[in-house]
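The structure under discussion appears below in the form of C-alpha cells.
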Amino acid sequence: MSKTIVTRFAPSPTGYLHIGGARTALFNWLYAQHAKKSGRGGKFLLRIEDTDRARHTPQAVDAILEGLKWLGLDWDGEAISQFERSPRHAEIAREMVARGKAYYCYTPQDEITAMREAATAKGEHFQFKSPYRDNGGREKNAPAPAGDEKAVIRLKAPLTGETVIDDQVQGRVVIQNKELDDMVLLRSDGTPTYMLAVVVDDFDMGVTHIIRGVDHLTNAARQVLIYEAMGWGVPIMAHIPLIHGADGAKLSKRHGALGVEAYRDMGYLPQAMCNYLARLGWSHGDDEVFTMDQMIEWFDIKDVNKSAARFDFEKLGAINAQHMKMMDDGALIAALNILLPPCGGAVTPRVTEGGIFVENPSSVAARHLLPQGEKGVRILLPALKDRAKTLIDIVEGAAFLFAQTITPDEKAAALLTPTTLPHLKLVLDAIDKIEESNWNEDTLQATLKAIVAESGVKFGDLAAPLRAALTGKTTSPNLSIVMAALGREETLKRIAAQL
RNA sequence: GCGCCCUUCGUCUAUCGGUUAGGACACCAGAUUUUCAAUCUGGGAAGACGAGUUCGACUCUCGUAGGGCGCACCA
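According to my numbering, the stretch in the first sequence is residues 10 to 508, in order.
Written as C-alpha cells, this is what we have:
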C-alpha cells in the first residue's frame, strides 16, 4: 500500500551538467531505481528550471540531457519545462492571495534595494517589511491600481514560531520563522519566482522525495512555508553535501568542476564516473568498486554523509581502471567508440568492430589498417588494459600499431645507438627464422630468451632498442606481445628500418 | 554581520559507548622484471582543540577554532 516513490532532478540550464549536478541526479536516480527494484515502484523525473529566460539556452538543455544519457541516468516520461508551466504558477500565487496567505506589495524594488544598501553600510541586518502586508491602508487584496505602479505577490510568512525540516541526511533542522522574510512569489511582470515554481511543480508532479544539494537547505524552509500555506503535504527531503575541490574550497575548473562530457572525453567510463560520484558522500561498508546494479541494490539516502567531500582525480582514475579491467574486450571496444569521435586531434586512432585504425583528417586517404589489425588489437588489449587508467591511455598505448613508419621519440631515439643496433640485428636474424604459422607470443618470448642465452647480451640491452624500433617509445607492453600484435611482416619491416 | 550545517590517516571513507580505530586512493620500501607500467608483499599515516556526561568516549552534551552553505522581483 506504500506510495510509489517519485524523485526528480531539476537542473537550471545555465551551462553544462557539472559534476555536482551529476551526483544529485545519480542519487535521485538510484533512489528511484532502488524503490522500483524492491517492488515499491519508483519514478525518476526530469524538470528543466528554465524560468530565467535571460540565462537559459537550448544548448545548455541539450548538454544536460546528453550528460544524463551518457551516465545512463534515464528519466521517466518527458523532461518538463518549468517555464511552460508559469500560468499554473501564477494561478497558485493568486489563489494564495485569495486565501489570505499572500498579498500584493507595491514597494518598488529600487526602494528596497536602497534600504538594504543603507542598512548594510551601517553593518545592520536588513529584513524587508512590506507596509502592504497588513493591507497598508489599501483595500484588502486589491490588485495593482491602474497606472504605472507595479505590484508583486509576496508570501505572508509567519513572524513567529519555527519551521522544521525533517531531513533524511541533515537530520532535524530548525529555522526560526523570524529569519524568513516575505519572499516574492510572483514578479511584477507576472512571472513566478523559483521558490514558487519549485513547490508548485513538485506538488503537481507528485514528487515524494526531494534530493538536492545542501545549498538549498534554507530555501527548503521557505518552500515548506508555501506547502503549508497551500495545505499541501511536504515531501520527504534529503539535502546532500556539496563537492569541494582538492583545496577544500569551491570546486573550480582546475579541480574538476567540468561538464560530464569533459570526463567522457578524458576517457572515463560512465559507470566508473557513477561509482566514484556515489562513493563521494555515500558508502556501503568497505566496498569501493561496484556495478550499477549493485549501486541500485545497496543505495539508501540514509547512508549519505553530511560532510562535503573533495574531488580527487587520482581516485577517479583508480576506480576507472578497475572498471576497465572488469569489462570484456568487446564492451571495451564499444566504449572506445563512444569516446573517440569527439576527441579530435591531428591523428586520431579510431576503434571499430574490425579493429583500431588511424584517421588523419587532413587526408581521408591516409587510413591505415594493418592486415592483422583486428587481431593485433585483440592481442594487445589485455596488456594495455592492465596499465591504463583511462580509455585515452589505451588509445595512446595502441597508437604505435597504426603508424605507417616509426619515428622514435627523443627518449626512444637515444636507445638506438651504434652499440645497441647490433643487438637489433641479432633479433632480426633470429625471428626471421620463425614461420608465419608459429608467430605468436610464446614462440617470440622463447626466441628472445634464446638470444640472450646464446649471445650473453643482457635482456635489458636487447629490449630497449627493440622497443624503440617497434613502438618508437620507451614504454609498451611486453615485446613478445607487441611483436605478436604487429605481425611478422610489420615487425621485420620495423626492425630492418632501423638498421 | 545574521542563520544553518560540517570536522576520523594527505584524500574518500568504516565505526552506530568498550576495536591493536578497519578499508581504498596516493606515498615509501622490498620482491619480481625487459625500461615504464602492471603484479605481489610490507610500511608510515587519523579521531581539530577544550570542558563535561559515563566504569568507559571517535561515538552523547556544551564551548572554541577552522571550513562550507544561505541571507534577490537568480535558480
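Note that beta-carbon positions come from the ideal geometry of N, C-alpha and C, so glycine has one too.
As the structure is a prediction and not an experimental result, all values here were calculated from the model.
{"Item": "Which residue's Cα is closest to the Cα of R288: D274, M275, A271 and A317?", "Value": "A317"}
{"Item": "Which residues in the same chain have their Cβ closer than 7 Å to the Cβ of G257, if we skip the five residues on either side of it in sequence?", "Value": "R319"}
{"Item": "Going by beta-carbon coordinates alone, are L437 and L389 separated by less than 9 Å?", "Value": "no"}
{"Item": "Identify every residue that forms a DSSP beta bridge with I57.", "Value": "S90"}
{"Item": "Compare the beta carbon distance of L435 and L425 with 9 Å and say whether it is the shorter of the two.", "Value": "no"}
{"Item": "Using the Cα positions of G180 and R387, report the straight-line distance between them to the nearest angstrom.", "Value": "52 Å"}
{"Item": "Please return the same chain residues whose Cβ sits closer than 6 Å to the Cβ of L479, not counting the five positions on each side in sequence.", "Value": "V491 and R503"}
{"Item": "Throw me the rounded Cβ distance for the T202 and L194 pair, which I believe falls under 8 Å.", "Value": "6 Å"}
{"Item": "Among residues of its own chain, excluding the 5 on either side of H248, which ones have a beta-carbon nearer than 6 Å to its beta-carbon?", "Value": "D176, V178, Q179, V223 and L226"}
{"Item": "Report yes or no: do the segment 459-473 and the segment 401-412 share at least 3 C-beta pairs separated by less than 8 Å?", "Value": "no"}
{"Item": "With a cut-off of 8 Å, do at least 3 Cβ pairs link the segment 88-97 to the segment 55-69?", "Value": "yes"}
{"Item": "I'd like the ranges of any alpha helix (DSSP H) spanning at least 4 consecutive residues and lying wholly in the segment 377-435.", "Value": "382-395, 400-407 and 419-422"}
{"Item": "How would you write the range of the beta strand (DSSP E) that I249 sits in, first residue to last?", "Value": "I245 to I249"}
{"Item": "Could you pull the start and end residues of the beta strand (DSSP E) that I184 belongs to?", "Value": "G180 to Q185"}
{"Item": "Going along the chain, which residues of its own chain have a beta-carbon closer than 7 Å to the beta-carbon of R125, five neighbours each way excluded?", "Value": "F135"}
{"Item": "State the DSSP-derived secondary structure class of G30, mapped to helix, strand or coil.", "Value": "helix"}
{"Item": "Our contact map puts R163 next to A230 with C-beta atoms below 8 Å; I'd like the distance itself, whole angstroms only.", "Value": "No, R163 and A230 are not in contact; Cβ-Cβ is about 16 Å, not under 8 Å."}
{"Item": "Consult DSSP for W291 and reduce its assignment to one of helix, strand or coil.", "Value": "strand"}
{"Item": "Using three-state DSSP, classify D85 as helix, strand or coil.", "Value": "coil"}
{"Item": "DSSP state of G222, grouped into three classes?", "Value": "strand"}
{"Item": "Exposed or buried, what is L488 when buried is set at 16 or more other beta-carbons lying within 10 Å of its beta-carbon?", "Value": "buried"}
{"Item": "DSSP state of F468, grouped into three classes?", "Value": "helix"}
{"Item": "Could you tell me the alpha carbon to alpha carbon distance between P370 and I219, rounded to whole angstroms?", "Value": "Because the pLDDT at P370 is just 36, under 50, the model does not fix this residue reliably, and the point stays unresolved."}
{"Item": "Using 8 Å as the cut-off, can you tell me whether the segment 265-279 makes contact with the segment 11-20, which would need three or more C-beta pairs spanning the two stretches below that distance?", "Value": "no"}
{"Item": "With a threshold of 7 Å on Cβ separation, who are the neighbours of M275 within its own chain once the five nearest residues in sequence on each side are excluded?", "Value": "T399 and I401"}
{"Item": "Short check: CB of E81 to CB of M301, under 9 Å?", "Value": "Position check: residue 81 holds Gly in this sequence, whereas Glu was assumed. In this structure, M301 lies closer than 9 Å to G81 by Cβ."}
{"Item": "How big is the Cα-Cα spacing for D321 and G290?", "Value": "13 Å"}
{"Item": "Closer than 6 Å by C-beta to A166: which residues in its own chain qualify, once you throw out the five before and the five after it? Chain order, please.", "Value": "L189, D191 and L234"}
{"Item": "By how many angstroms is the C-alpha of A34 removed from the C-alpha of I73?", "Value": "11 Å"}
{"Item": "Per DSSP, which residues does F162 bridge with? Please list them.", "Value": "Phe is not the amino acid found at residue 162; the sequence shown has Ile there. In the DSSP output, where bridge partners are listed per residue, I162 has Y113 and L195."}
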